[in-house]
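Using the numbering used here, the first residue of the sequence shown is number 505, and each one after it goes up by one.
We treat Cβ as the ideally placed atom computed from N, Cα and C, and that holds for glycine.
Note that the structure is predicted; figures quoted are calculated from it, not measured.
Please read the structure below before turning to the comments.
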Amino acid sequence: MSGNSTQKFFVTTPIYYVNDQPHIGHAYTTLAADVTARFHRLAGRDVFFLTGTDEHGQKVAQSAAAAGITPQQFTDNVSQNFRDLTKLLNFSNDDFIRTTEPRNIAAAQALWQAMAKAVSPDGQPAIYLGSYSGWYAVRDEAFYDEAELNDGPDGGKLAPSGAPVAWVEEPSYFFRLSAYGDALLALYEAEPDLVAPSSRRNEIKSFVKGGLRDLSISRTSFSWGVPVPGDEKHVMYVWLDALVNYIAALGFPEKGEGSPYDRFWPADLHLVGKDIVRFHTVYWPAFLMAANLPLPQRVFAHGWWTIEGQKMSKSLGNVIAPSQLVETYGLDQTRHLLMAEVPFGNDGDFSHKSAIRRINADLANGIGNLAQRTLTLIQKNCEAAVPEPGQFADQDKILLDAAYSLYRNVEADLRLQSFHEVLRAIWSVIAGADSYIDRNAPWALKKTDIARMGTVLYVLAETLRALGIVLQPFMPETMARLLDQLAVPADKRDFAALGEAGSLVPGTALPPPQGLFPRIVEAE
Ligand code: MSP
């Protein structure tokens, strides 16, 4: 049920495969979740923000074998890299789950058992034992129909994602997905906000309308997975034990009043990349329906980054590690860049040239310059204290109103994951403040109308305070510094303090201003 009035918000990221080092694609999903979580916390909601690593399956087992270590050692190492990434990018996740943890294994087995007891909509057992013969892509950890495949260069076949596929034939348990098509289509109709953006919703609807086949949910040809309860020759299909992380982290199967599961499930938002929508909007809701558990409220799929116009790949050697960006541009610059550069949901290209252009325009020349000008004028002309305002003129009220109502104005876009629109609205207030400062020229008022100078600088300081508050989700560290420079108390930094409730108190001493964002000089 969208638009619910509960004051909790549960946001998740995909859990990352540990066969790879973290790159900007991984950082991107988690950053969007972090911005979301921080927004809801500042709005006073009870937030749970979950991320983690996906550690079972053939792909990870193969990478471990190639590295000459056991899967457990391998996953311990690589999972740590993803945990380090959360620190590096200042992510505020409340938990970090690994699918090899006992809690995830227990939840996967409990979900399996609930599904195994269930009867599907066509009156037959939801799980049955059979034998799988078909195509499997280890790289995607996904099964494909023959009709979906293309011919590869060396005579082999390729999945639509470009991953090579191999023929698999082995005993397998199946989930009777074929019986859930109508229920899923009814769900997409009843919950139009469930799958977003709408292009993805249409894609998924036509996939389901095309008819669903039963899904192989266990494997017997390798053992790096969660044993199937009661038949331990089988390990569960890695996506089953991956998807269950979202409830495992809430203590499932433990339920009931006061439990984290009751407090936070269903998820308000699963953020995913466009490649894994099918798993989250077809398989996952069908598993939950079978187990008779509530369904997530929304799944939003973002697009993919290319690098300087090319697909990011190890073989091209153009994979960008998030740490490289942070070293080159700074932490909050990187966070802003990734959120501002591309409309969330679209594919986007990363280039150093446009990164520098955006950081200089938005940050160094934008909010950074506005803060520096205002705070320096206050420091020099107002005895380093919050100035005393006089009566507000219409233009003062217009700017203050725009700044104070920022959160109200961006909330709808935030709920739609339109982060770039949120930023656009914030930057229009920055542009408004820039033209206000030029129009009122407070530096000249010192000689002609010192009272008016105080009012103008007060209005600008208030506008900066509001900007600092609403930009915290995107750039927490730098905005904390801005709010420090305005002497905003720690308990007046949330959205409730945005308007007059948190107004700066005239006469409050202000520390000497320090630049927020240095200008980047482009190396030729
Ligand atoms: N383990 C599964 C998810 C299980 S969730 C229950 C998985 N892992 S992944 O590590 O391969 O991918 C994780 C996320 O990174 C996906 O959402 C994917 O879209 C995203 N990205 C990987 N490369 C990307 C880009 N080049 N650009 C943007 N995001 C990309 O899938």
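| Item | Value |
| --- | --- |
| Using DSSP with H/G/I as helix, E/B as strand and the rest coil, what is Ser596? | coil |
| So the alpha helix (DSSP H) Tyr908 belongs to, where does it begin and stop? | Asp898 to Tyr908 |
| Within its chain, find whatever has a CB closer than 6 Å to the CB of Leu927; leave out the 5 residues flanking it on each side and keep chain order. | Ala844 |
| Got a sec: does the ligand MSP put a non-hydrogen atom nearer than 7 Å to the Cβ of Asp558? | yes |
| On the CB-based measure, 16 or more other CB atoms within 10 Å of its CB, does Asn1099 come out buried or exposed? | Residue coverage of the chain in this structure runs from 505 to 1028, which leaves residue 1099 outside it and unanswerable. |
| To the nearest angstrom, how far is it from the Cα of Gly870 to the Cα of Ile973? | 16 Å |
| From Tyr684, Ala994 and Tyr911, pick the residue whose C-alpha is nearest to that of Ala790; which is it? | Tyr684 |
| Measuring only from the beta carbon, is Thr579 closer than 7 Å to any heavy atom that is part of the ligand MSP? | no |
| In the structure shown, what three-state DSSP assignment does Arg705 receive? | helix |
| I need the DSSP call for Asn523, collapsed to helix, strand or coil. | coil |
| How would you call Met505, buried or exposed, if buried means at least 16 neighbouring beta carbons within 10 angstroms? | Its pLDDT being 37, under 50, Met505 is placed unreliably by the model, and nothing is read from it. |
| Should Ser710 be labelled buried (16 or more other beta-carbon atoms within 10 Å of its own) or exposed? | exposed |
| Taking all protein chains shown into account, do 16 or more other C-beta atoms lie within 10 angstroms of the C-beta of Ala897, making it buried, or fewer, making it exposed? | exposed |
| I need the straight-line Cα distance from Trp769 to Ile1024, nearest angstrom please. | 44 Å |
| Cβ atoms of Leu904 and Val963: under 8 Å apart, would you say? | yes |
| The ligand MSP and Ala746: does the residue's C-beta get closer than 7 Å to at least one heavy atom of that ligand? | yes |
| Quick test of your reading: Thr557 and Ser583, contact by CB under 8 Å. State the CB separation rounded to the nearest angstrom. | 4 Å |
| Thinking just about the alpha-carbon of each residue, which of Thr603, Asp588 and Arg602 is nearest to the one in Ser596? | Asp588 |
| Taking the straight line between their C-alpha atoms, what separation do you get for Gly659 and Trp639? | 15 Å |
| Determine the direct distance from the alpha carbon of Ser1007 to that of Asp697, and round the result to whole angstroms. | 37 Å |
| Classify Ile954 as buried or exposed, calling it buried when 16 or more other Cβ atoms lie within 10 Å of its own Cβ. | exposed |
| Going by alpha carbons, who is nearest to Gly529 out of Ser817, Val890 and Arg861? | Ser817 |
| Please name the residue or residues paired with Tyr677 in a DSSP beta bridge. | Leu633 |
| Suppose you measure from the CA of Val914 to the CA of Phe999; what does that come to, to the nearest Å? | 12 Å |
| Can you give the Cα-Cα distance for Val515 and Val699, rounded to whole angstroms? | 15 Å |
| Please state whether the Cβ-Cβ distance between Ala611 and Pro757 is less than 8 Å. | yes |
| When the distance is taken between beta carbons, is Leu1020 closer than 8 Å to Arg969? | no |
| What does a CB cutoff of less than 6 Å around Thr838 pick up in its chain, not counting 5 residues either side in sequence? | Leu829 and Val830 |
| Assuming the contact rule is C-beta atoms closer than 8 Å, Met983 and His840 should be a hit. Round their C-beta distance to whole Å, please. | 11 Å between Cβ atoms; not a contact. |
| Would you say Pro977 and Phe543 are within 8 Å of each other, going by their C-beta atoms? | yes |
| Could you give the distance in angstroms between the alpha-carbon of Val803 and the alpha-carbon of Gly777? | 10 Å |
| Per DSSP, His774 is paired with what? | Thr516 and Val803 |
| If you follow the beta strand (DSSP E) that Phe552 is in, where does it begin and where does it stop? | Asp550 to Asp558 |
| Going straight from the alpha carbon of Asn864 to that of His806, what length do you get? | 26 Å |
| Can you look up Ala541 in the DSSP assignment and give me helix, strand or coil? | helix |
| Under 8 Å: do the segment 791-800 and the segment 613-630 share three or more Cβ pairs, one atom per stretch? | yes |
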